[in-house]
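Visitor:
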Amino acid sequence: MASNPRRKSDAARRANQVIRSRTVLVMLLLGIVTFAVLFWKLYDIQIRQHSVLQEKAIEQQTRSAVVNASRGTVYDRNLNTLAISATAEDVNISPMRIAEFVESQKEKQEKAAKKAADKGETYTAPILRDQAYIAKGLSRILGVEQETLENRMTKTNYDYWNIKKRADQTVSDEVRRFINGEIDPDGNEVPESDRVKLQGVWLQPSSKRYYLYGSLASGVLGFVNSDGVGSVGLEAKYDDTLTGTAGYTISARNAAGTELMYNYEQIFDAENGHSLVLTLDANVQMSLENGLESMLKKYGAKNGGTGIVMDVNSGAIVAMASYPNYDLNDYGTIFDDALKTKLDTELAKIDAKRSTYESEEAYAEARSAAINSAVQSQWRNKCIDSTYEPGSTYKPITLAAALEEGKVTKNSTFYCSGYTTVQGWNSRIWCSNHSGHGQQTLIEAVGHSCNPAFIKMGLSIGTETYYKYLKSFGLMDKTGIDMIGEVKGIFVDENYFNSQVVSLASYSFGQTFNVTPIELIRAQAACINGGYLYEPYIVDQVLDDDGNVLSQHDSTPVRQVISEETSAIVREALEYVVSSGSGKNGQVAGYRIGGKTGTADKTGTRNTTREVVVSFMCFAPADDPQYIMLLTMDTPRRDTGTAVYGGTMVAPTASQIMAEILPALGIEPDYTADELAGADAAVPYVVGKSAADAKAALTAAGFACTTVGSGDTVTDQTPAGGAIVPNNASIVLYLGVEKPNAPSTVPNVVGKTPAEANKALTNAGLIMKVTGATSTGGSTGSVTAISQSAEAGTELAAGSVVTVRFGAKTTD
């Protein structure tokens, strides 16, 4: 029977329809899956990895460089520059780019060699500027080990490596010539036709800190480390203020890594740091440091010393020094000879025990630790971060408290048998004069620095009241000076202090407690300035880049501790100390000086060697104090032939320093006739000597001196060596500068007082010799110049002597 064709056609059609449906379904499923995979990949790339891939793209397509902001300048009170930042450049390499540069040279040489061979020509390959070539040149210029540089260049996965920070301009200029192919690694000139510019080495603008006076005020200023960050001192305290905000330079790069300049470069300007105007006076600082250093060397102070000059009416620090010190431009090198000797001794001990160390690494670590300790010790500012027992320089505080409480008056008297006893202490407490001072007035007791008298004053005040004065004078807390590293004094607990009187007795004359020099001088200033306690400070103003004042220090006193009347009596007593008491060596011709000596046994060292801290505080003018100075010397030698007391060792140095700084600070002398009528003497010849040795020679001969310039050696002097001049004349020393050849014009001094005449002649570069001076009541205000040996307008050689005759004023 024949099949039905129509029925077969329907079956085929249904089969085809099923196949098409299934095909469409499979394609649809495949499309959905493919879309989902693509969607997920796009999501992963554009969303999840967006930041990472963007950074990679930016890194491949651009190169960014930091543009360092210029660090603010530091000025002294007279706007002399102490610290400044100058242009410098960082030297960087890219091991990756250097490797690519070397490969490109090799490829060019291979092509050139093949081309020459095809032509039958001889090919001489030029010098290959490879890693060794580049490392040798940079090593010579920068002083970095060639092997170190070559090792770094093998790290071809690095695109940036800094090999020298803040290179000086002369060094960076030499690097630039090397990069441009102008010189070879040995520094020889390369013919212009053979020059090849190096790739993978570049210079980046930066700045470098310079300290114009070297070691001057090192303990105050501090320094900027190799990363451009303030490390100690004001550089650290005001780092944020001085630093500013860095800028950036972003430039595009092509596929070969070459920068696309100009239209493809974007610059974000840096914002320079602010500048500081300090309260320091560079000239006063120099005089303080020179005097202090000379004293410490003369007496071989084992533990250095400190010096502070402060404005008593504001708390402004005019000068501050701490020894040992260091060179701010080379802060990693030990500067002080005594510290070098101490380190050498310590290293010798380590070397002697080398075999006892577990390993060579341990031995090396011990040496490194000793060196680091020595280096860091010279960075300390002992004026604020070290404490000591003040001894008798503290006594004005006991005196002020006793006067303020009405326990003593100017009419009080004290008997001293050479010692006293105190309840609760079995031993005698001795006076410096073991034979005793006998009966004495209050002023005399202060002048004698009599321990029993001050113990009596302290006990009369009582423990609770006395402790309140310790707090009120600011001795129990940090002063708040705008520096880092300040510590506070060490005192017994108040409850313990109030439970017995032994501590009160010893505190009364400055023993068995510790203070910092800055704490003590602040309290001393409050004793003489009318009773006002100020917060010491160093930074007076902050200036912006255009010199506008952004901030100004407020010198409002913290509080008044004692009355004006009490302060006046303290001043009178302390002037007596210098005029007739233990501080006679602190007298300064032409000035009324008040002061207090100090010799403090260091607790726990009362033995045959007896380690002490000797010190001297002084201020001027005594009747109207403007400036106060405190000098300390820790553990001087006892075999110098000088008695180990503040009055014999420190006071003479204080006198010398005050004689130099008071005129510089605008405090004019008021000479008596006797002071001006000094005998004639020959001027020592000091040309060729160091500044310190020259000053010592002149001081020993009775002369004062001033300096011009900042060199280390005397290059000339006025008057010349051998000249016969009054032995109280001031000799001018020229340090590294030429002496002016211009003659001096004699001023007219007739009718002037001795002080006025001396100032006029000194300003003219001449020396005054006094004759015929008379006075009434010891005051120079009653005499005037009646004649002069050289007529006004006459030209004389600088340093010539002009004799001036003085006589009493008349009122005809």
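Residue numbers (numbering that gives the first Met the number 0): 0 to 811.
Where is the CB? At the ideal position from N, CA and C, for every residue including glycine.
Where do the ends of the alpha helix (DSSP H) carrying Ser654 lie?
Guide: Unbroken alpha helix (DSSP H) run through Ser654: 650 to 663.
Visitor: What does DSSP give as the partner residues of Gly437 in its beta bridges?
Guide: DSSP output for Gly437 lists Cys415 as bridge partner(s).
Visitor: Report back the beta-carbon spacing between Ile396 and Phe472 to the nearest angstrom; my notes put them in contact at under 8 Å.
Guide: The pair is a contact, with the Cβ atoms about 6 Å apart (cut-off 8 Å).
Visitor: Between which two residues does the alpha helix (DSSP H) containing Asp88 stretch?
Guide: Inspection of the sequence shows that residue 88 is occupied by Glu rather than by Asp. It is not in any alpha helix (DSSP H) - Glu88 instead sits in the beta strand (DSSP E) that spans 80 to 92.
Visitor: Using a Cβ-Cβ cutoff of less than 8 Å, which residues in the same chain neighbour Tyr209 once the five nearest sequence positions on both sides are dropped?
Guide: Ala82, Ile83, Ser84, Ala85, Asn328.
Visitor: My understanding is that Ser459 touches Ala401, with C-beta atoms under 8 Å, so please give their C-beta distance in whole angstroms.
Guide: Yes, Ser459 and Ala401 are in contact; Cβ-Cβ is about 6 Å, under 8 Å.
Visitor: So the beta strand (DSSP E) Arg427 belongs to, where does it begin and stop?
Guide: Residues 424 to 429.
Visitor: Report the three-state DSSP secondary structure of Thr555 (helix, strand or coil).
Guide: Looking at Thr555 - three-state DSSP - the assignment turns out to be coil, as it is neither helix nor strand.
Visitor: What does Leu532 pair with, by DSSP beta-bridge criteria?
Guide: Leu532 is bridged to Arg558.
Visitor: Helix or strand or just coil, what does DSSP make of Trp160?
Guide: Trp160: strand per DSSP, three-state reduction.
Visitor: Of all the options Gln655, Ser206, Asn726, which has the alpha carbon lying nearest to the alpha carbon of Arg165?
Guide: Considering only alpha carbons, the answer is Ser206.
Visitor: Tell me which residues share the same chain as Asp129 and place their Cβ nearer than 8 Å to its Cβ, disregarding the 5 neighbours each side in the sequence.
Guide: Closer than 8 Å at the Cβ level, and outside the excluded window around Asp129, lie Val101, Gln104.
Visitor: Would you tell me roughly how many angstroms separate the C-alpha atoms of Glu109 and Ser171, rounded to the nearest one?
Guide: Going from the Cα of Glu109 to the Cα of Ser171 covers about 34 Å.
Visitor: Looking at C-beta atoms only, is the number of pairs between the region 350 to 366 and the region 315 to 327 that lie closer than 8 Å three or more?
Guide: Cβ pair count under 8 Å is below three, so no.
Visitor: Name the residue from Gly798, Ser505, Thr802 whose alpha carbon lies nearest to the alpha carbon of Ser426.
Guide: Looking at the Cα atoms, Ser505 is the closest of the given residues.
Visitor: Tell me whether Leu287 sits in a helix, a strand or coil according to DSSP, three-state version.
Guide: If DSSP states are grouped into helix, strand and coil, Leu287 belongs with the helices.
Visitor: Tell me whether Gln787 sits in a helix, a strand or coil according to DSSP, three-state version.
Guide: Residue state, collapsed to three classes: strand.
Visitor: According to DSSP, simplified to helix, strand and coil, what is Ser778?
Guide: With a pLDDT of 35 at Ser778, under the threshold of 50, the modelled position of this residue cannot be trusted, and the question is left open.
Visitor: Counting Cβ pairs, one atom from each stretch, are 3 or more of them under 8 Å apart for the region 405 to 414 and the region 528 to 539?
Guide: No, they do not touch.
Visitor: Where in the region 556 to 590 do unbroken runs of the beta strand (DSSP E), each at least 3 residues long, occur, reported from the N-terminal end onward?
Guide: Taking only runs of at least 3 residues, no beta strand (DSSP E) segment lies wholly in the region 556 to 590.
Visitor: Just mark Glu794 as buried or exposed, buried being the case when its beta carbon has 16 or more other beta carbons within 10 Å.
Guide: The residue is exposed, with fewer than 16 neighbouring Cβ atoms inside 10 Å.
Visitor: In chain order, what residues of the same chain lie with their CB nearer than 7 Å to the CB of Val374, ignoring the 5 residues before and after it?
Guide: So the list reads Gly331, Ile333, once near-sequence residues are dropped.
Visitor: Work out the CA separation of Gly303 and Thr671 for me, nearest whole Å.
Guide: Spanning the two alpha carbons is a distance of roughly 37 Å.
Visitor: Quick one: using the 10 Å Cβ neighbour count with 16 as the cut-off for buried, is Lys768 buried or exposed?
Guide: Looking at its Cβ environment, which holds 16 or more other Cβ atoms inside 10 Å, Lys768 is buried.
Visitor: Could you check if His436 is buried or exposed, using at least 16 other CB atoms within 10 Å of its CB as the buried criterion?
Guide: His436 is buried by the Cβ-count criterion.
Visitor: Please list, in chain order, all residues of the same chain as Ala115 whose beta carbon is under 8 Å from its beta carbon, the five residues on each side excluded.
Guide: Counting only Cβ-Cβ distances below 8 Å, and skipping sequence neighbours, we find Thr121, Tyr122.
Visitor: Quick check: what's the CA-CA separation for Pro451 versus Asn513?
Guide: One C-alpha to the other measures close to 21 Å.
Visitor: Ends of the alpha helix (DSSP H) at Phe496?
Guide: Note, Phe496: alpha helix (DSSP H), 493 to 497.
Visitor: Based on the DSSP secondary-structure assignment, which residues constitute the bridge partners of Val514?
Guide: Tyr387, per the DSSP bridge assignment.
Visitor: By DSSP, does Gly186 sit in helix, in strand, or in coil?
Guide: Three-state DSSP puts Gly186 in coil, outside helix and strand.
Visitor: Look up Lys470 in the DSSP assignment and say whether it is helix, strand or coil.
Guide: Three-state result, Lys470: helix.
Visitor: Is the distance from the Cβ of Val649 to the Cβ of Val685 below 8 Å?
Guide: Not a contact, by the Cβ cut-off of 8 Å.
Visitor: When you compare the region 627 to 640 with the region 283 to 299, are there three or more beta-carbon pairs, one atom per stretch, that lie closer than 8 Å?
Guide: The region 627 to 640, when compared against the region 283 to 299, does touch it at the 8 Å Cβ threshold.
Visitor: Give the straight-line distance between the Cα atoms of Lys470 and Thr717, rounded to the nearest whole angstrom.
Guide: Whole-angstrom Cα-Cα distance: 51 Å.
Visitor: Compute the beta-carbon to beta-carbon distance between Glu659 and Ser411, rounded to the nearest angstrom, for a pair I have assumed lies under 8 Å.
Guide: Actually they do not touch by this definition, with Cβ atoms about 38 Å apart.
Visitor: Specify the secondary structure class of Val23 as computed by DSSP and reduced to three states.
Guide: Helix, per DSSP.
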